[in-house]
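Keeping their order, the protein sequence lines are chains G and C.
Remember, this note's numbering sits 815 above the position in the first sequence when you count from 1.
Remember, this note's numbering sits 815 above the position in the second sequence when you count from 1.
This report refers to the structure that appears directly beneath it.
2 protein chains.
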Amino acid sequence: MKKDIAKVTFLPEGETIEVEKGVSLLEASTRAGVYVSSICGGDGICGKCRLIVKKGEVKTRPTTLLAREDIKRGYVLACQSEVVGDVEVEVPPESRIEGKILIDMDAQRFRALYAPMKEQVTFRYEPLVQKIYLELPPATLQDNISDHARLYREIRRHKKIENMQTGLKVIRGLPHILREAGWKVTTTLGVRGATTEVIQVEKGNTKDKNFAIAIDVGTSTVVAHLVNLNTSETIDAEATYNSQRVYGEEVTRRIIYAELKGADKLREVIVEDINNLISILVSRNNIRLNDIMGLVCVGNTAMIHFLLGLDPSRIRKEPYIPVCTYPPPIRAAEVGIKINPRGLLYSIPGIASWVGADITAGILATGIYQVEELCILIDIGTNGEIVIGNKEWMVCCSASAGPAFEGSGVKSGMRAGEGAIERLEITEQGKVRYTTIGGGRPRGICGSGLIDIMAQLFKAGFVDRAGRLRAGIDGRVREQDGEFEFLVVPASQTDGDDIVITQPDIENLLRAKAAIFAAVNILIKSLNIEFSDIKRVHIAGGFGNYLSKENAITLGLIPDIDREKIQFVGNTSILGAKMALLSRQAFDTCYKIAKRITYYDLITYPGYMDEFMSAKFLPHTNGNRFPSVTEMKKVEKGV
Amino acid sequence: MKKDIAKVTFLPEGETIEVEKGVSLLEASTRAGVYVSSICGGDGICGKCRLIVKKGEVKTRPTTLLAREDIKRGYVLACQSEVVGDVEVEVPPESRIEGKILIDMDAQRFRALYAPMKEQVTFRYEPLVQKIYLELPPATLQDNISDHARLYREIRRHKKIENMQTGLKVIRGLPHILREAGWKVTTTLGVRGATTEVIQVEKGNTKDKNFAIAIDVGTSTVVAHLVNLNTSETIDAEATYNSQRVYGEEVTRRIIYAELKGADKLREVIVEDINNLISILVSRNNIRLNDIMGLVCVGNTAMIHFLLGLDPSRIRKEPYIPVCTYPPPIRAAEVGIKINPRGLLYSIPGIASWVGADITAGILATGIYQVEELCILIDIGTNGEIVIGNKEWMVCCSASAGPAFEGSGVKSGMRAGEGAIERLEITEQGKVRYTTIGGGRPRGICGSGLIDIMAQLFKAGFVDRAGRLRAGIDGRVREQDGEFEFLVVPASQTDGDDIVITQPDIENLLRAKAAIFAAVNILIKSLNIEFSDIKRVHIAGGFGNYLSKENAITLGLIPDIDREKIQFVGNTSILGAKMALLSRQAFDTCYKIAKRITYYDLITYPGYMDEFMSAKFLPHTNGNRFPSVTEMKKVEKGV
């Protein structure tokens, strides 16, 4: 054996490779086809590429990313360790990409907030689009199959794929690319129903440039996450208000606009929003648009119709028929979305005209569809959707809440972003204490802050049970242009104007919470169950992360039940979309979920308006439904 | 039961349907989903829709299309028979579309020429593109699935299809079409590998407008057949010379041209040729281009490369690697072919750089791949391809013959079309007797005529064994511009100039026949078998239909063996293409054939040039190889 060569063995597989001394363990793992997680790409920053040296030595740079205990047990960072002689290293489960449990920024964040579910949802890692690096044997007189057949043969040596398809454009480019690249190419494969498409063939090894986007097209807010498909990590996220809002805050208004003026304009603006988000994400992360080969989108049925250019008009008219709830994968370019021109756009399947792909994704993410115990998922957005069920059965319904909880249609409202008041308390002295996202000066109030302020105003007696601001108690309640408003933060302390909550804001928020609570109540009644039968309450939405259970109950937004049962799960739509993006198995599960669930039409339910009117009070006309809130008010009043 | 309603029962299925009295049996059969063959569409012209009345009576118009015997046995024409009361009719096998044996004009024509094969090739009728008429239940609150899901559900009620796909454009059009059509639509399905594509959805019942095209892209000649997919019949055919000829008569020349100037021009002209042929076929048959949903093409590997815009340059250079031998189905519009814009172009799989899809189709059509006995297929075109084998093994090779047998590169040569001399004899008195295609005045000589004239000139002593014209025997051999030529028909009797055969023509024809015979000989030798081991000789080509076996042997084009073994099978490329078009099973079989066959490279065979030189004589330098020709010449000389 040559002096400058050493053997590296990866355990538990026992995969052995010879490398030049001086090569990093991370590089050696890549060459050996043993995939080790690394976000920073070898800069020693992320601390993900942990390996355990079992035999032999490596030369490793000092790092603060390993605990003393870990170092004693032999842990090293693969990217910071050079091979100096024969060595055996173990790849611990948490450092693996293949077969690992999906992890996710959101999931990790929310995992801190509640006990993990007993039935952890795990799916096999197999992204909808993936790259494979191939070294093809060069063509000879003896092995003279076509370039196309040679590519397929090599792909099948790496991956069991029965049905493959390739577009003519890719085939046309093959002879040149294969020979220019010395037969070493990276191919991108995309799932297309029962077949797998060879989307792209690139020269050399481009496996490290392997990104995709998940998009949640909300009625009010559009959220985009940039995902590294090699590591399953969400690299970055960005959100914006949906520019379609100028055509109507609510879905129905936009559909009517589309009927009168055509849906083209609505498609154009949402595509532009998405392109802007993608553009921000790629430039901020130094990624080429061409390296984004896939995009998964979720959203309610109308939003997906607008995005795909499907006529939405029958969604709002009896018998409420969507054009399509299982849109096929298409090229993103077909609707004008700018990623790699051959990149695919996947739509998560929807359920009905008024319960969309966002809920399918939410059910996937929360795992409701596979647990024994009865669960409820309340997704609070411009439309509120409610799912009740378990692995035996699931029903869902939808209620039009308006965009108040997304900070829209509220004077000082804003999206959950930098400078938004996300938590708020009114002290016994009547002082307002708050925290902002990012910690800087406040710019407005996001959903979680709005829930807090409503509950706190009620608790502190600034508003009565009907939500009317009481003037004269405190100078903070003032009259502006003939309407009362509560001064939350004066302009002197903000990044702009006074931050206020007005009487119309309060009415908007009450309508929103009433719509959702009424829907929950009716669904419970219709199923002939009690709140106490529900063992787990998932509250989803993009309204900010640290929602107060007490304040949400005081407001009458969620039922007054055992606090232990309540879990805030954040934006489950985008979380589910990312799970589907990272796992074909999860994507397939979405279809099973969408097929299994029963849609329950509230629009035709006779008692809905009564329920809605009762729920417009704080917390409800029927105080017995919220015993802890009634008790709290009694205590405060000194009864 | 209402008075004007009657029951019609179709046997042997027992399918019963109620129809208004006065409805034709053909219409009743369509409504019952029992498909009865009908080319003329109910005009009482084609005589295909024969049914047998078993019980009850129908009111039927007199027809000359049924024999007295048939009428006595209860036969009626379904389109000419009105339901007047309850009736039971039997659909005899020959009137069925589903499951029937593929029939074909060519096949029928050639069946007259030789005894049918013992192992008749039959495939299940299931065209690559097909139409289904659907009556969907209208959407209601109770049955409120999406338009897309409703369509799929209804298709699956008619046909077991696991994987379906639909393009966004078709989905976009669905809501409008379904409602405009009162939920009665015709859908066109196209096979796409493992999935079936919903290519088109049309209002109402358009099942009778269901056509496709088969195209044989030959180096010299392009042939197009128009097929009625409902009846499997070839309605019409048209051919033209390949306009690429101006860039080189032979494939290699054209590839060199493409390397120097780009392949675009070559693609454009062949697409234009194809579009012209299609245009002639549709206008002559009153068909709309939009009703042509599919096109199957065959051709040698280079021609398919040109057509699909694949770089052909490596076909001619060692190690002779094509870009693609299994091209995927694409939209015909993607290469500029004008049929329905969503119509699909299927390419039959090819075998190697120098043995193409035309030979796969030929093997399919002749059934060589599935018989016990050893067969040879000699496909005579600008490239001659030879296949030897049976169900156990198959080998093939290719030889560049030049276009002489297609009438090109020969002074008075022409395609086998109207006015071509297709048979010719020189009498003992030295008179030339001939017949033309269509029976009119001659315009030129096609392949079969050229074979005849060469053999007859030799037999009559006008040329010697080296193919030299002998001057002075007869005034018919004359000198023009320093070259001898034989006057076949003087201008006074033709539709133009003198029809002649010149010394260079003869040399061209000898080179062509020598190239083919040498290839046959080498393949036989390499396999270590004898001519006598071969039990069946299939001679394929577009050179005219009624080739003389004796003349072909006298010329030394085909081996001097038992005449019973020799079968002229016409253009097997187009025949195979049509079989694939009409049967998915046949199309799939093409892939099996292409994968099974072994390509034998003559270019690298050392003895080829010697074999070629020996074969350039009449019939061959070695007279013992052609004992019957040697015998004939002896008899003539009175030895």
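Ideal Cβ positions, reconstructed from N, Cα and C, are used throughout, including at glycine.
These numbers were taken from a predicted model, which means no experiment stands behind them.
Annotation for N1100 (chain C): L1041, I1050 and D1051 place their beta carbon closer than 7 Å to its own, counting only its chain and skipping 5 residues before and after. For A954 (chain C), the chain G residues whose Cβ falls inside 7 Å of its Cβ are P1134 and I1136, in order along the chain. Membership of V1061 (chain C) in any beta strand (DSSP E) is not indicated, and neither H nor E is assigned to it by DSSP. Out of C:Q1295, C:P1442, C:T1197 and C:K1393, the CA that lies nearest to the CA of Y1056 (chain C) is found in C:T1197. For K1410 (chain C), the number of other beta carbons within 10 angstroms of its own is below 16, and it is reported as exposed. Contact annotation: the segment 1147 to 1156 of chain G touches the segment 1090 to 1107 of chain G, with at least three C-beta pairs closer than 8 Å. When secondary structure is reduced to three states using DSSP, Q980 (chain G) falls in the strand class. In the three-state reduction of the DSSP assignment, F1299 (chain G) falls in the strand class. Only L1123, G1124, L1125 and D1126 from the segment 1102 to 1126 of chain C bring a Cβ to less than 8 Å from some Cβ of chain G. N959 (chain G) belongs to the set of residues whose beta carbon lies under 8 Å from a beta carbon in chain C. Within the segment 995 to 1017 of chain G, those residues whose Cβ lies closer than 8 Å to any Cβ of chain C are, in chain order, R1007, G1008, A1009 and T1010. Under the DSSP definition of a beta bridge, R865 (chain G) partners with G:L892. Excluding the 5 residues flanking it on each side, I1368 (chain C) has same chain C-beta neighbours closer than 6 Å at D1375, in chain order. Beta-carbon to beta-carbon, T1046 (chain G) and N1020 (chain G) are separated by about 17 Å, too far to satisfy the 8 Å threshold. Distances from the CA of G1124 (chain C) to each of C:P907, C:P1142 and C:Y1135 were compared; the closest alpha carbon is that of C:P1142. As the crow flies, the alpha-carbon of V1247 (chain C) is around 12 Å from that of I1314 (chain C). Taking a cut-off of 8 Å for Cβ pairs, the segment 1177 to 1193 of chain C and the segment 1024 to 1039 of chain C do not touch, as fewer than three such pairs fall below it.
Taking the Cα positions, L1265 (chain G) is about 19 Å away from R1293 (chain G). Within chain G, no C-beta atom comes less than 8 Å from the C-beta of N1020 (chain C); the nearest is roughly 23 Å away. A Cβ-Cβ distance of about 17 Å is found for the pair V1086 (chain C) and A1392 (chain C), leaving them out of contact under the 8 Å criterion. Taking 8 Å as the cut-off, the Cβ atoms of F1273 (chain C) and L1284 (chain C) do not count as close. Listed in chain order, the positions of the segment 1144 to 1157 of chain G with a beta carbon within less than 7 Å of a beta carbon of chain C are I1145 and E1149. Linking Y890 (chain G) to E830 (chain G) through their CA atoms gives a straight-line distance of about 19 Å.
Short of 7 Å from the beta carbon of Y1420 (chain G), and not among the five residues preceding or following it, lie these beta carbons of its own chain, in chain order: I1337. Runs of the beta strand (DSSP E) lying entirely within the segment 1159 to 1228 of chain G, each at least 3 residues long, are 1159 to 1162, 1190 to 1195, 1198 to 1204 and 1209 to 1215 in chain order. Within the segment 1224 to 1295 of chain G, the alpha helix (DSSP H) runs of at least 4 residues that lie entirely inside it are, in chain order, 1262 to 1274. If you check the CB distance, I1166 (chain G) and Y948 (chain G) do not come in under 8 Å. T1404 (chain C) has its alpha-carbon roughly 25 Å from the corresponding atom of L1342 (chain C).
When the five nearest sequence neighbours on each side are left out, the beta carbons in the same chain lying within less than 7 Å of the beta carbon of M1394 (chain G) are those of L917, F938, L1179, A1180 and A1401, in order along the chain. Per DSSP, H1435 (chain G) lies in no alpha helix (DSSP H) and is assigned neither H nor E. Straight across, the Cα-Cα distance linking S1058 (chain G) with K822 (chain G) is about 57 Å. A direct Cα-to-Cα measurement between S1388 (chain G) and A1172 (chain G) gives close to 8 Å.
For a Cβ distance threshold of 9 Å, residue set S961, H963, A964 and Y967 of chain G lies close to Y1141 (chain C), ordered along the chain. Secondary structure of I1412 (chain C) (DSSP, three-state): coil. Between A1329 (chain G) and A1430 (chain G), the CB-CB gap stays under 8 Å.
Residue environment analysis places D1126 (chain G) among the buried positions, since at least 16 neighbouring C-beta atoms fall within 10 angstroms of its C-beta.
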